[in-house]
Each structure stands twice: as C-alpha cells, then as structure tokens.
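Residue numbers (the working numbering), protein chains in the order written: chain L, 39 to 274; chain B, 39 to 274; chain E, 984 to 1200; chain Z, 984 to 1200.
Everything on this sheet refers to the single structure shown next.
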C-alpha cells in the first residue's frame, strides 16, 4: 500500500533541518508553493540554501522566508521584482550570498541533478561576467562552459492534482520548475489542489511520475501571491 | 496559417538524400514508424547513418531497410533480436559499421542534441570496453565518461495523434525515443493515426510541442511489425 | 545631442517595421518592453507562434479583465492566454527549445550593442545594482536570429550602438540586426550596416548618433 | 562438478527468496529472464512499483490473450499491462530515473560476478558475437541497489562468482548481492559473504563452487 499523503504543510516540512538545501518551485507567483513556504517559516529552520528562479514579492511566500532571515544563500536567475525590497535589502547589507545563474542553465543544472549527469557544457554566458572562474571548452569550433549539477535535500513544489502514488499534473505555466526540482531533491514535497486515487490520472498525461515525489499534501485553495501582495499581507 | 501535414509517407521522406543521418524511433516494434521506413526504402537513399535503439525484426521495417543495403552505419544499443538475421549477417560480413551505445547514454546523447548541450558526463560504461577511447573525469570522487550529443538530419517517428501545428501525443510505451528524436533532428517527420485541428489536443497533455515537428503524415492503420513478421511478410 | 525620440519612427512604428521582417510560421520569443509590441503588428495572413520561456508555446494576448489565471503568465509575469494549438512544458524543456536552436527569432531590448554583435542588456555593472539575468544569456546563445529593438541613444543622448560594450555582456557576437527609431541596421562581419533609414532621416544624422563606424548597404 | 541445478532452490524459490528482501513501496526494475520471476512472489501486503526502461512505471502482468497492445511492452519486448497509478514517459526521462538514483532496486542476470562487485552480463567477448548492451550499463551505474539472480555455476560447471571477471564488464563494483540456488551472498568490501544458505546445502559445498574466497557472516 503506497500512500504519500501527509496531513498538512506543517507535517510535510517538519524534518527540514538548519543548513538544508531547498529547491522552491515557481516562476513569479505561478507555481510558488506559498503554503509550504509559510510552513517552512513556522518550522524555523535557518541557514538554508534556497534554489529558486526568483526571490518573491511583497512580504509573503519566498520574500517572507527571506525577510525572516532564514536563508544563507540563494541560487537564482532573477532576484529582482517590481514590488519587493526584501532581497535587495539583505543583499546590499551583505546578509545573504547570491549565486546568479542564467535561467536556462539553472533549469538544466537542476535537470542534470535529477538525471544523474554531474556536469555538462552549455553555450549560455560564454564571454560574460558569469563565465568567470568557469572552465570553458570548444566543441566543433564553438565555445561552451562546463556547469555542474544542482541537487537539493528538499524540494517544495506546487502542482494541480496528484494521486496517492505521487503522480502529479500541473496548471498551465505553474508547471515551470516543478517537474525538474522533483527529480533533483532527496525529498520532494508537492502541494496540490486535490489528491485522487491511483488510476484517476491517465498514465499518458502524468507530468511528474510518482517515483520523483515523496510527500503529497492537499491544499484545496492555495493563496495567490499577487492577491496577498495586493491586500498588503505579510507573513507570519 | 501553419499546416505541417504532408500527403503521405512518400512525400514525407522525398528529400532524404544519400549519406543522411536519420534517427528512427521505436523500441522493438512499439513506436517503430514502419510506413515511413518503407517509404524510405522506396525513396532509395543510400549510405545512411541510422540512429535507433534496435535493428528490427524479420524482413520488414528497419530490418528491411538494412536488408536493402541502404545503411553505412548504425548507432544502436541492442542490435540483436530473436527473429532477425539481417543485421548479424551484414555485421559479420563487415558490410556495416556499428557504434554500440548504452541505452541510457543513447537517449541522453539524443536529448542533449535537441537541447543544445554538446557534451555531458555519465557514469554508465565506466570501466567497460565501451569506455575505450573516451575521456573520463572524476566528480565528487566518482568517475564519469564524457559523451557527445547526437544530432540528425531527419527523424522518423510514430505518434498517436497530432494537430496541424505538429503537437504530438503518443500511445503507451510507443512514446520511447520519439520525443527526444523530434528535438534532435533538423527535419522531424511524425506519422500518426489521426491529425486534428489546433485546439483539439489539450495544451497540458502535449508530449512533443509542434516546434520540434516539421512534417505530419496521417497513417490511420499502421502495420504492427510483429504481425507482419508472424505473417512472413517482407518489404518491398 | 538632443533626445532622438522626437524624430524618426515611434515605438509602434519600430515594432511594425520589425514585424514585417518575420516570416510566416516563425517561432518567436519576445523580450519584455518594446519587444512585446511586435506582436501587435504582425501582417495579416501570417501566423507566428510565441514562446515564453516560463513554459508556453502558443501564447496569446492578455486576457479580458477578470478572465485571467495567475498561473498563466508570460516571462514578464503578466497574465496572458493560450491559443489553440498551444503547449505547456517545464523549464528544462523550454530552455531546450532555446538552447537547441529551435526558436527562429528572439527580439530583445538593449543597453548597448557593439559592432561585433556583442550585447549588453542585463546589468549596468554598478556595485549597488542587484544582479539579475533571467533567460537573456540563454536566449542570445541559442536562438537562431536575435534582433534588438531599442531607441538609438540613451535618454542622456549616449549612443547605444557602440564600438565595444562597456556594460557587462549578455552574449558575445550574438546580435544579427538592430531596429531603432532612426534605422534598421544589420550587424555584419564588417560592422554596422544600414539596411533602411526611417523616411526623412539622413544617413549622416544616424552616423553621428552611432558610436561605431556605420556603412550603407 | 555436477550440474548444480539438481540441488538447492528451484528458480521459483530463488525468486521467492529474493522477493522477501524487497521493502514495501520500492521502485524496482527487473531484468529479462529469471529476474522477471521475482514479481510473482512478492509477499502479501507489499506493493512494489515496476519500472521498465522503455517508458513505464507501474507495469503489470501480461495481458489476457488477445487483450494486449503491441505498443504496451516491457524491456524484453513482451506485452504487459499498466496498473492503476502508472505513468508513461520518454526514454531520456526513463533513464533519468535510472541514472539519477531514483530506482531502489534492479535485479539482473549475470554471466560473472566478481568478489569486488564487478558484473559481466552482456557479452562473451567472442569475436563472432553481435555486441548488444541495452540498458544494463546504465542500470548498474545508477540504481541504488543491484542484485543478481543466477545459477551458481554455468551449464558446464564453471563458477559464475569469480575473483575477477574474464568476460567484458557491464560495470565496475556495482553488485550488492547475489541470489543463487545455493545461497544468498553479499558483496562486501572484504569480498563474498554468505548471508544465508539454502536449507540442506553446506557452506563447504558452496565454497567449492565459488571462484573466489567465500566467508560466512
């Protein structure tokens, strides 16, 4: 009997320790697992390394985790938003380390981590400041950079629907980093609007097969970050 | 107006020239684009390099293409079947070159070709005869081999259904190499049981987005290789 | 030098001028800002398929007010729609499309374009700036053709088309063509070359506002 | 030496012995041949999820006669079924599961297993043989635990558990445990170590038929 459900976001993140590396899905607010992030704030783990495309909006979700001073480092492609000063403030005060990674390289490094590929070559960032300190190599007359995989202890992901085996489907562009982060983390935690029985998701349309998912938590009405920000909300 | 349909298998492969590199989908008979392969035999192109997981059964499909002496080289993981002597005969007579590649490395090299990754490291085949002549490198205390991408001039793929933009869904384990070969070839040709209008395939369930597909050809009742072999068929 | 926005094409006209150069059936990624305008001016009878790197091919215009989904957004994080024939995919697949050379055209804004095709469009390099690169480096490294659409000079009148970028690079030798309010300019092995002048704009006028040698075709 | 098939566990018993060692909820890839038998003997109350590298998780048994689909097959190219909770995926994703360490257990046949964990199971290295490797090298390199299930000796009585493989390797130091008709044997840093003897089989009997030093636990 396989049943990957856990009772709620709190239980789902209860064993994330200080110093853990945590991948957090989402591109902007789409796919951002707000309830799992808030549970992680409640959990209190510190000195985390977070791998995520952005650094959040306002003072909820990822921005709230930053504001609560739980992060030692972010690995990120675009840590700037129109409506958040949390990351810029921390960064300018030297309170947080930033590893800036081109978005496609970030995605491919995560996918490589999940696929057991320790390193690969990419043309992105050749000749730019982000190539500094990286090995480069020419293949067929073109220069590429060597990039290492990214792996994590935990991944926090937002899906649309999962079955109890952990098979997941997503909603529209909220898919983004979810499927590859699920592959690259030791423990992948997915919040979904609904959990169904095995067989209720057509095997042809599964996006993340259950083998990549460890915990499923039902959050029937997840908050939208933009609505929270518009309402001036902050967490906790 | 985008409409990637072509009239039939013959038109679909009409410009495949001598010396072309052709990826051919399928694992065993599942996903083998029998009608496209037969059209390629009719087309008459020679000295082809074929990248495919197997080398076909009986004297139809891929085995028939081999038997017609059209291949200079195969890149393959498992060129042996219980019911075909075509490849073994050619190989023993020195009439064909074989590049033997572990199946996962074959898949990843094809995916890398499609994803613009010229080379990557894999643990498969380290310490084996298939590592001979390959660069190896240690990451985090473990040894890996450097592998190059595979790209092709054409890919012949079997899908279940496509729309006129070239979005494709597959049938069960016939999916196998189709999606990655569609990514890795300059011209990707997909035969499907039915072609539908854009919008008839849910954007959430598209497996191969149309950007990877150049030609779609409707073959409503494709032959099953095993049935042809059981019936003693040969092609042409 | 005066603000060059006062003569030459308007932003819409620049976008329209670029749009006519995109072949029917192209797969196109449009950057944030002026590049987004291009979609409004695609000539009748042509279909372009828009890629947004956060996981959608077949992106359509903004939704009617109240009809959007916060989980259906573009790379600029604005709500969009999905057209018939669209497909969703994850980020690694999305950048496989980019890096693998499957996107025909990418249109970007620029801080500086050098006459060797170098682009700078992500950072002023100022010590206080928050570095943020997004997908720009992947786009310029992978997409078949990369066009820039930009004002010819900065707001303070400095040329954006230069001999050599002084800002940190986004990519090296990656730009094929630049559309400004004054001209359409190719980046050739011999440097900048005017393909077309905005009606009423003299070649000499453009040359004066360009920070690198400029040739006529 | 005589044919060892006459004493010790039958093939079914070997498979049953292995099956009890697989924890509930494991993701398992079974090789072709004897390994496939393991699926028949999973103890009541445990659910294993079977991966077949040609693109299916949640593989079920063979279909009823006439109810199969030639496009739903396993890695041995036999028709199978998909159970509730199954998922289909393409080959790169399938081997990402393997190479990325997501599969808990793989059970393979062997020509030779060396006391350092080396496996040879794909080629006799004879010049006339058609080389064919399939997914074996990826499986042994990536799966968390790799078990071998095999007769203790070849049909001609040669030991399959050896000091050093003479056939071409499939992988180096990859095997964790071997199940034969005579014993269950771990591959430890100190070499082969008997975990369990088949009832009625003496340690000495197994030692004589093993081509490398054998220890008791």
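Virtual Cβ for every residue (Gly too), placed ideally from N, Cα, C.
What you are looking at is a predicted structure, and each value in this text was computed from that prediction instead of being measured.
Residue nearest to residue 1049/E within the set 991/E, 1037/E, 1064/E and 1039/E is 1064/E (criterion: CA-CA distance).
The three-state secondary structure of residue 155/L, taken from DSSP, is coil. Remark: C-beta atoms of residue 1077/Z and residue 1151/Z do not approach each other more closely than 8 Å. The C-beta distance from residue 160/L to residue 1082/E rounds to 7 Å, short enough to fall under 8 Å. Around the beta carbon of residue 105/B, 16 or more other beta carbons sit within 10 angstroms, so the residue counts as buried. Listed in chain order, the alpha helix (DSSP H) elements of length 4 or more contained wholly in the stretch 1069 to 1123 of chain E are 1074 to 1082. Within 10 angstroms of the beta-carbon of residue 1042/Z lie 16 or more other beta-carbons, which makes it buried. Taking residue 51/B as the centre and dropping the five residues before and after it, the same chain places the C-beta of 74, 77, 78, 81 and 227 closer than 7 Å to its C-beta, in chain order.
Contact annotation, residue 87/B with residue 110/B: C-beta distance approximately 6 Å; criterion of less than 8 Å satisfied. Around residue 1069/E, the beta-carbon contacts reaching into chain B at under 7 Å are 241. Annotation for residue 1000/Z: the continuous alpha helix (DSSP H) segment containing it runs 994 to 1002. By the neighbour-count criterion, in which a residue is buried when 16 or more other Cβ atoms sit within 10 angstroms of its Cβ, residue 214/B is buried. Excluding the 5 residues flanking it on each side, residue 992/E has same chain C-beta neighbours closer than 6 Å at 1164 and 1181, in chain order. Cα atoms of residue 250/B and residue 120/B: separation of roughly 34 Å, rounded to the nearest angstrom. Bridge partners of residue 134/B according to DSSP: none are assigned.
Chain L places a beta carbon closer than 8 Å to that of residue 155/B, counting this residue as a contact. Its Cα nearest to that of residue 262/L, the residue 100/L stands out among 60/L, 45/L, 58/L and 100/L. With respect to residue 1089/E, residue 1122/E sits close: the two C-beta atoms are nearer than 8 Å.
Cβ-Cβ distances below 6 Å link residue 1160/Z to 1130 and 1169 in the same chain, with the five nearest sequence neighbours on each side left out; the list follows chain order. In the pairwise beta carbon analysis, the stretch 57 to 76 of chain L is classified as touching the stretch 187 to 196 of chain L: at least three pairs are separated by under 8 Å. Nearest neighbour of residue 1116/E by Cα position, chosen from 140/L, 241/L, 229/L and 167/L, turns out to be 140/L.
Counting C-beta pairs closer than 8 Å gives three or more between the stretch 1091 to 1105 of chain E and the stretch 1135 to 1153 of chain E, which meets the contact rule. Per DSSP, reduced to three states, the secondary structure at residue 215/L is coil, with no helix or strand assignment. Within chain B, the C-beta atoms nearer than 9 Å to that of residue 1082/E come from 153, 154 and 155, in chain order.
Taking 8 Å as the upper bound on Cβ-Cβ separation, chain E lies near residues 215, 216, 217 and 218 of the stretch 215 to 227 of chain L. Here residue 258/L is not near residue 202/L, since their CB atoms are 8 Å or more apart. Between residue 218/B and residue 1085/Z, the C-beta gap is not smaller than 8 Å, which leaves the two residues out of contact. At a Cβ-Cβ threshold of 8 Å, residue 54/L and residue 1030/Z do not count as neighbours.
Excluding sequence positions up to five before and after residue 98/B, its CB lies within less than 7 Å of the CB of 72, 263, 266, 267, 271, 272 and 273, all in the same chain and listed in chain order. The stretch 62 to 133 of chain L contains, as complete beta strand (DSSP E) runs of 3+ residues, the segments 86 to 89 and 109 to 114 (chain order).
Judged by beta-carbon spacing, residue 245/L lies beyond the 8 Å limit of residue 200/L, meaning their Cβ atoms are not closer than that value.
With respect to the 8 Å criterion, residue 138/B and residue 1053/Z are not classified as neighbours on the basis of their beta carbons. Closest in C-alpha terms to residue 90/L, from the list 108/L, 114/L and 67/L, comes 114/L. Listed in chain order, the positions of the stretch 192 to 218 of chain L with a beta carbon within less than 8 Å of a beta carbon of chain E are 208, 209, 210, 211, 212, 213, 214, 215, 216, 217 and 218. Rounded to the nearest angstrom, the Cβ distance from residue 1018/E to residue 1092/E is 6 Å, consistent with a contact under 8 Å.
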